[in-house]
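A.B. asks:
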Amino acid sequence: MTAYPTFPDHLPPQGVTLLELLDLERLEDDHFRAARTFVEQWPLYGGQVMAQALVAAGRTVAPDRLPHSLTAWFLRPGDTAEPLDLHVSRDRDGGSYSARRVTARQHGEVVLSLSASFTRGDDDPTEETGPVMPDVAPPGEPEVGPRMVDVEVSVPTPEHPPWSWPARGWLRCTADVPDEPLLQAAVLAYISDIFTGLGQLESSVGRSMATISHALWLHRPVQVREWDLLDLVAQSVAQGRGLYRGELWSSDGRLVASVAQECLYRLPRGS
């Protein structure tokens, strides 16, 4: 297994595991703390905060209610060396669905705001899928995932320009993640934020593409230790913002999840 070749400076942090990051301390019924920290030169990875916020929300719903959708808004850069305080608001508990809001704070300021919906599911056997899984080569030699803990990637080549993050790649978690659906979904949220659908655009060279919001819909159960294909496509760039959408496919062709992300899309100041 090799380091991620295109971005050698984006190696994952050392001395920390993904399960440690997702192991939250419960301070009160609706108040949690992500106390595991580490030192890194980059701001806190957005997928990590999303995953931690989803775990906090899921700890406040009935055990038979599983996450099926979330939207996260990234309000400030996070600090990897500081704990996160996560406050959950119980917006609704209905007969089939529960809604939660989570604010993640550092130094008293909100870093992330997340809304998540949970459901006890339905026994309706209907299953249909509109899009078709892309025809790509199977995973090759795995590489260390950029910035992510306990994640391997395999990027089909030549799938992306040398200056960009890829828009398509295989991912899998190497941690011994329990079969608990909440943790599986949290790891899925963690890996869903790493690539970008905007890097294929020639105008992306030199652009700042900080995330504004990220949405994730979970359609089917996932096993994050198996290879899944993340496939992203640019939708729009206008007025300093970019939008991409995408799908996450299991290796046997099932549509596991859909994603959408809006980013800042700016040239550096003074350029």
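Under our numbering, the residues of the sequence shown are numbered 12 to 282, in order. All C-beta atoms, glycine included, are put in the ideal place defined by N, C-alpha and C.
When we look at the beta-carbon of His42 and count the other beta-carbons within 10 Å, is it buried (16 or more) or exposed?
C.D. replies: Its Cβ having fewer than 16 others within 10 Å, His42 is exposed.
A.B. asks: Where in the stretch 151–200 do unbroken runs of the beta strand (DSSP E), each at least 3 residues long, occur, reported from the N-terminal end onward?
C.D. replies: Runs of the beta strand (DSSP E) inside the stretch 151–200: 162–165 and 179–184.
A.B. asks: Determine whether the beta carbon atoms of Gly257 and Val267 lie at a separation below 7 Å.
C.D. replies: Result no, Cβ atoms of Gly257 and Val267 do not sit closer than 7 Å.
A.B. asks: Rounding to the nearest angstrom, what Cα-Cα distance links Asp263 and Tyr255 in this structure?
C.D. replies: If you take the alpha carbons of Asp263 and Tyr255, they lie about 24 Å apart.
A.B. asks: Tell me Glu39's beta-bridge partners as DSSP assigns them.
C.D. replies: Looking at the DSSP assignment, Glu39 forms a beta bridge with His42.
A.B. asks: When we look at the beta-carbon of Glu191 and count the other beta-carbons within 10 Å, is it buried (16 or more) or exposed?
C.D. replies: Exposed, since its Cβ has fewer than 16 Cβ neighbours within 10 Å.
A.B. asks: My output table needs one value for Ile205: the three-state DSSP class, helix, strand or coil.
C.D. replies: Of the three classes helix, strand and coil, the one that applies to Ile205 here is coil, per DSSP.
A.B. asks: Just to confirm before moving on: does the CB-CB distance between Ala46 and Glu36 stay below 7 Å?
C.D. replies: Yes; because the gap between Cβ atoms is below 7 Å, this pair is in contact.
A.B. asks: Using the rule of at least 16 other Cβ atoms within 10 Å of the residue's Cβ for burial, across every protein chain shown, is Pro150 buried or exposed?
C.D. replies: That one is buried.
A.B. asks: Identify which residue in Ala68, Leu97 and Leu123 has its Cα closest to the Cα of Ala110.
C.D. replies: When only C-alpha atoms are compared, the closest one is Ala68.
A.B. asks: Who are the near neighbours of Ser247 in its chain, counting only those whose CB is closer than 6 Å to its CB and skipping five residues on each side?
C.D. replies: The residues are Leu254.
A.B. asks: Please confirm if the stretch 222–233 is in contact with the stretch 110–120, defined as three or more CB-CB distances below 8 Å between the two stretches.
C.D. replies: As far as the Cβ criterion goes, the stretch 222–233 does not touch the stretch 110–120, which means the pair count is below three.
A.B. asks: For Ala29, does the count of other Cβ atoms within 10 angstroms reach 16, so buried, or fall short, so exposed?
C.D. replies: Residue 29 is actually Leu in this sequence, not Ala. So Leu29 counts as buried.
A.B. asks: Go ahead and label Arg103 buried or exposed: buried means 16 or more other beta carbons lie within 10 angstroms of its beta carbon, across all protein chains shown.
C.D. replies: Label assigned to Arg103: exposed.
A.B. asks: Consult DSSP for Gly257 and reduce its assignment to one of helix, strand or coil.
C.D. replies: In this structure, Gly257 counts as strand in the three-state DSSP scheme.
A.B. asks: Quick check on the burial criterion: 16 or more other C-beta atoms within 10 angstroms. Buried or exposed for Asp242?
C.D. replies: Label assigned to Asp242: buried.
A.B. asks: Look at Arg44 and Asp90 and say whether their C-beta atoms are less than 7 Å apart.
C.D. replies: Cβ atoms of Arg44 and Asp90: not closer than 7 Å.
A.B. asks: Quick test of your reading: Asp204 and Gly57, contact by CB under 8 Å. State the CB separation rounded to the nearest angstrom.
C.D. replies: Correct: roughly 5 Å between the Cβ atoms.
A.B. asks: Leaving out the 5 sequence neighbours to the left and right, which residues in its chain are closer than 7 Å to Ala197 when beta-carbon positions are compared?
C.D. replies: Excluding sequence neighbours, Ala197 sits near Leu33, Ala62, Leu65 and Val66.
A.B. asks: Answer with buried or exposed for Ala221, where buried requires no fewer than 16 other C-beta atoms within 10 angstroms of its C-beta.
C.D. replies: Ala221 comes out exposed.
A.B. asks: For Trp228, which residues does DSSP report across the bridge?
C.D. replies: Answer by DSSP bridge pairing, in chain order: Ser80 and Ser269.
A.B. asks: Reducing DSSP to helix, strand and coil, say where Ala110 ends up.
C.D. replies: Ala110 falls in the strand class under three-state DSSP.
A.B. asks: Mapping the DSSP letters down to three states, classify Gln246 as helix, strand or coil.
C.D. replies: The answer is strand: DSSP assigns Gln246 an E or B state.
A.B. asks: Give me the Cα-Cα distance between Gly119 and Val60, rounded to the nearest whole angstrom.
C.D. replies: Computed Cα separation, rounded: 16 Å.
A.B. asks: Rounded to whole angstroms, what's the CA-CA distance from Thr17 to Val160? Just pull it up for me.
C.D. replies: Residue placement at Thr17 cannot be trusted, given a pLDDT of 45 that sits under 50; what the coordinates show is reported in the next sentence. Cα-Cα distance, rounded: 18 Å.
A.B. asks: Is Ser224 closer than 7 Å to Trp84 when the C-beta atoms are compared?
C.D. replies: Yes, the pair counts as a contact, with Cβ atoms nearer than the cut-off.
A.B. asks: DSSP three-state label for Gln117, please.
C.D. replies: Residue state, collapsed to three classes: strand.
A.B. asks: Take Leu38 as the anchor and find which of Pro23, Glu51, Pro24 and Arg70 has the nearest alpha-carbon.
C.D. replies: Looking at the Cα atoms, Arg70 is the closest of the given residues.
A.B. asks: Buried or exposed: where does Gly180 fall if 16 or more other Cβ atoms within 10 Å of its Cβ makes it buried?
C.D. replies: With 16 or more Cβ atoms within 10 Å of its Cβ, Gly180 is classed as buried.
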